[in-house]
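Read through the structure below, which is laid out as structure tokens, and then see the notes.
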Ligand SMILES: Nc1nc2c(c(=O)[nH]1)N[C@H]1C(S)=C(S)[C@@H](COP(=O)(O)OP(=O)(O)OC[C@H]3O[C@@H](n4cnc5c(=O)[nH]c(N)nc54)[C@H](O)[C@@H]3O)O[C@H]1N2
Ligand SMILES: Nc1nc2c(c(=O)[nH]1)N[C@H]1C(S)=C(S)[C@@H](COP(=O)(O)OP(=O)(O)OC[C@H]3O[C@@H](n4cnc5c(=O)[nH]c(N)nc54)[C@H](O)[C@@H]3O)O[C@H]1N2
Ligand code: SF4
Ligand SMILES: [Mo]
């Protein structure tokens, strides 16, 4: 192979930037932003340009590992799958399906192979103990959208490029590059918003980079966004500024919301949130008065005790100001591969509950905060084995030290993961998928959450190494084992049978664009691609933007996308109400009982006086991706990144100087970490970055272990969840901070 260029989507975050790679043989020479990409237009962040280092990381696994006598050794793929079969099969038959838990982590969503293959795997295991990173992340938004719009995946995104007023709560897109709002180049898009006269308001206890670039930064007491938003709702009603605009007639429940918001008087909200009453009113009136406006909330609003109410109130404000589903407001993206029709049905979580804490299922999964209870608590249905796919819960889920210990007690852990890290060191078998550059890329989830409609397919940059299975093949073989078909099952035969069933369903469905066609004709048209891609091609071609296998010749297919290596812009977001609603009434349903009950509970806690001590929040850093990119030296060099941010007044009260080491204690654990004194954090609040803590014995992370940092989730408590979504409370954790060296007692 000589020097060549390749284009592909960056799989490291939701911005989905297009990259241009310069390759020299099998080496990545340079990665830049793809300037010809219609969506990302050359934007790139430090992580995207480090993708080659990730690919070449010597610690990345190429062969499966087997734990033997307390150490891991490389084995052949056949041996690894045989071991899984030997140990998983008797567990399932002796203890029932629920004894095997599954945890799916964040990168699953960035790999179409995993996205397609994990659901059949979970089904074959047949367990109710399914856990994912959603319950330490965005589950509140799914619940809110389920009730409001009848579809948990119908999530409005701010129309960034056209809005004239953007209110961001609990998100720092200048460092995170955005989430539940796919937009390459947030910095540029926010700059252009302000250049065209638009206003940016950021609500955050920290003066983040995003807040520094805003017209107004509103510091807030952590965990209280739901009350602020309801205070704004109440102010809109009080000032008679509720205008549904073109949504008039498409919304039910307005009166109920007006009534539910009554307790959220600005003065009560001020006492609870720390946001001055006059400012609460002004924020509401500015929102109502803007030519167009969008409210957008993320991690800092979702991972709190009233996360679902906060997620809901964000969209209630969008709706009550007439900004939902209109240009410049909060709009729905539409993936080309999604069907043209939507099913109507009531959103009903809680079809089953977790065994120990009786927490309700949502979207078929249970809160990961209770995984540890299911492992520790003996009795019928106890979790005895765990399968992780692309997850690192020892660093990313609450009460981490306890979970870490519990994982060590399991009879079997199988991890599909390229690293021997904090979580996978507990694995009896690690099955490493190839690097992202050795697989094709097609985004299934993010075009549904994008600020412009777009589609991009990237072929693999490098071929699969000889003898290595794809991530799809690894997952299908696990599925075969769980289904009792044996590790030797032919992957193409098994997956092919699933594909055939999907085609049969489509041709039999009167709503499908290929209704009435012949199954063998469709299967023949899909042949010729790797099996995993056939699933995507089927989805795309039968989606509303698809070519319906020839019936809509202008439509899309993977073959057509191959002719557009920079991706295709499918235009600005379009209004879609009421057609895109899935609620039984066919309207936006503002006032679902479970949500109103939570609003009432929140109203009841308004009077409670805030905790006296310090509270802890998390933060993200531009050069990291969750817990797993700290092993790339170009991303972690420079000064110490894992520090405790603290306000100068709090620091001096605690007799802490910049760089001193402090002990941070919570209900669940403690860590020792250097402090960074900054006026950029509210008094009474401290912050640790998330994803660190690479000092656990048994990992193989030669770079990360040199600068391990501390694990923020040793301090978070799995006992606290948002009751409607099961999402863990990761922000607003009560902590005590003290200097490490000093033995003198420190005032509280
Ligand atoms: N306190 C606190 N906790 C948090 C958060 C917070 O803000 N504060 N944020 C939460 C959020 S938003 C999220 S999304 C979660 C993330 O939580 P997780 O999904 O559990 O964690 P990640 O760090 O994304 O772990 C990714 C794992 O996948 C592996 N991996 C990487 N690429 C691939 C691949 O292509 N295939 C496979 N099979 N594996 C791969 C990595 O080696 C790593 O082990 O953490 C949550 N936890
Ligand atoms: N560089 C980088 N980018 C990433 C990731 C990463 O780890 N690193 N992870 C990716 C993932 S999986 C996700 S989900 C997204 C998340 O993307 P974001 O939601 O933008 O996440 P953060 O950057 O953690 O920003 C959360 C902000 O909430 C603030 N906050 C904390 N508590 C509260 C509160 O109670 N109220 C309010 N209003 N604010 C609060 C914090 O100070 C912080 O600034 O980022 C993605 N992109
Ligand atoms: S912003 Fe996200 S998608 Fe874009 S280059 Fe950085 S990590 Fe990759
Ligand atoms: Mo996330």
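Numbering (the numbering used here), first residue to last: 143 to 890. Every residue gets a Cβ at the ideal spot worked out from N, C-alpha and C, and that includes glycine. Model, not experiment: these values are computed from the prediction.
Next on the checklist: Using a Cβ-based criterion (distance less than 7 Å to any ligand heavy atom), does residue 190 qualify as near ligand 3?
Outcome noted: yes
Item to check | Three-state secondary structure assigned by DSSP to residue 283 | outcome: helix
Next on the checklist: Here's a check: name, in chain order, each residue in its chain whose Cβ is nearer than 8 Å to the Cβ of residue 791, leaving out the five neighbours to either side.
Outcome noted: 825
Item to check | Minimum C-alpha distance to residue 458 - residue among 344, 730, 595 | outcome: 730
Checklist entry - Where DSSP assigns a beta bridge to residue 150, which residues make up the other side? => result Beta bridge pairing from DSSP links residue 150 with 161.
Checklist entry - What did DSSP end up calling residue 534 once you bin it into helix, strand or coil? => result coil
Next on the checklist: So, for residue 890: in the same chain, excluding its five sequence neighbours on each side, which residues have a beta-carbon less than 8 Å away from its beta-carbon?
Outcome noted: Unreliable positioning characterises residue 890 in this predicted model, as indicated by a pLDDT of 45, which lies under 50. The coordinate reading is nonetheless provided below. The beta carbon of residue 890 lies closer than 8 Å to those of 754, 755, 878 in the same chain, with the five residues before and after it left out.
Next on the checklist: Which residue wins for smallest C-alpha separation from residue 542, given the options 383, 370, 463, 812?
Outcome noted: 812
Next on the checklist: By the three-class DSSP mapping on this structure, what secondary structure does residue 213 have?
Outcome noted: Three-state result, residue 213: strand.
Next on the checklist: Give me, in chain order, the residues of the same chain whose beta-carbon lies closer than 8 Å to that of residue 180; leave out the 5 immediate sequence neighbours on both sides.
Outcome noted: 596, 708, 709, 710, 711
Item to check | Rounded Cβ spacing between residue 576 and residue 612 (contact assumed at less than 8 Å) | outcome: 6 Å
Next on the checklist: If I measure Cβ to Cβ from residue 498 and keep anything under 7 Å in the same chain, skipping five residues before and after, which residues do I get?
Outcome noted: 512, 515, 516, 519
Next on the checklist: Quick check on the DSSP output: what are the complete beta strand (DSSP E) runs of length 3 or more inside the region 249–305, in order along the chain?
Outcome noted: 272–274
Next on the checklist: I'd like the span of the beta strand (DSSP E) that includes residue 686, first residue to last.
Outcome noted: Here residue 686 belongs to no beta strand (DSSP E), and DSSP marks it neither H nor E.
Item to check | Beta carbon of residue 158 nearer than 8 Å to that of residue 679 | outcome: No. Outside cutoff.
Checklist entry - Who pairs with residue 881 in a beta bridge, going by DSSP? => result Per DSSP, 804.
Checklist entry - In whole angstroms, what separates the C-alpha of residue 145 from that of residue 578? => result Going by the C-alpha atoms only, they are around 20 Å apart.
Checklist entry - Distance, Cα to Cα, residue 684 vs residue 768? => result 34 Å
Next on the checklist: Please identify the residue among 844, 652, 149, 264 whose C-alpha is closest to the C-alpha of residue 201.
Outcome noted: 844
Next on the checklist: Using the three-state DSSP reduction, which class does residue 872 fall into: helix, strand or coil?
Outcome noted: Coil, per DSSP.
Checklist entry - Roughly how many angstroms separate the alpha carbons of residue 319 and residue 329, rounded to a whole number? => result Computed Cα separation, rounded: 8 Å.
Checklist entry - Going by other Cβ atoms of all chains shown within 10 Å of its Cβ, with 16 needed for buried, is residue 848 buried or exposed? => result Around the beta-carbon of residue 848, fewer than 16 other beta-carbon atoms lie within 10 Å, marking it exposed.
Item to check | Reduced DSSP secondary structure (H/G/I, E/B, other) of residue 889 | outcome: Note that residue 889 has pLDDT 48, beneath the 50 cutoff, so the model's placement of it is unreliable and the number below is only indicative. It is coil, neither helix nor strand.
Checklist entry - Out of curiosity, what's the CA-to-CA distance linking residue 805 and residue 881? => result 6 Å
Next on the checklist: Just to check my reading of the structure: residue 673 and residue 638 have Cβ atoms closer than 8 Å, yes? What is that Cβ distance to the nearest angstrom?
Outcome noted: 7 Å
Item to check | Selected residue, minimal CA-CA separation from residue 523, among 867, 231, 781, 269 | outcome: 269
Item to check | Beta carbon of residue 946 nearer than 8 Å to that of residue 272 | outcome: What is shown of the chain runs 143 to 890, which leaves residue 946 out entirely.
Item to check | residue 723 to residue 700 span [Cα, whole Å] | outcome: 28 Å
Next on the checklist: With DSSP as the reference, identify every bridge partner of residue 307, one or two as the case may be.
Outcome noted: 341
Item to check | Residue range of the alpha helix (DSSP H) that includes residue 226 | outcome: Counting along the chain, residue 226 sits inside the alpha helix (DSSP H) bounded by residues 219–237.
Next on the checklist: I'd like to know whether the C-beta atoms of residue 308 and residue 342 end up nearer to each other than 8 Å.
Outcome noted: yes
Checklist entry - So what does DSSP say about residue 502, is it helix, strand or coil? => result strand
Next on the checklist: Any heavy atom of ligand 1 inside 7 Å of the beta-carbon of residue 131?
Outcome noted: Given that the chain is displayed from residue 143 to residue 890, the structure contains no residue 131 and the question cannot be resolved.
Next on the checklist: At the level of alpha carbons, what is the spacing between residue 197 and residue 205?
Outcome noted: 15 Å
Next on the checklist: Just to confirm, is the Cβ distance from residue 263 to residue 620 under 8 Å?
Outcome noted: In this structure, residue 620 lies closer than 8 Å to residue 263 by Cβ.
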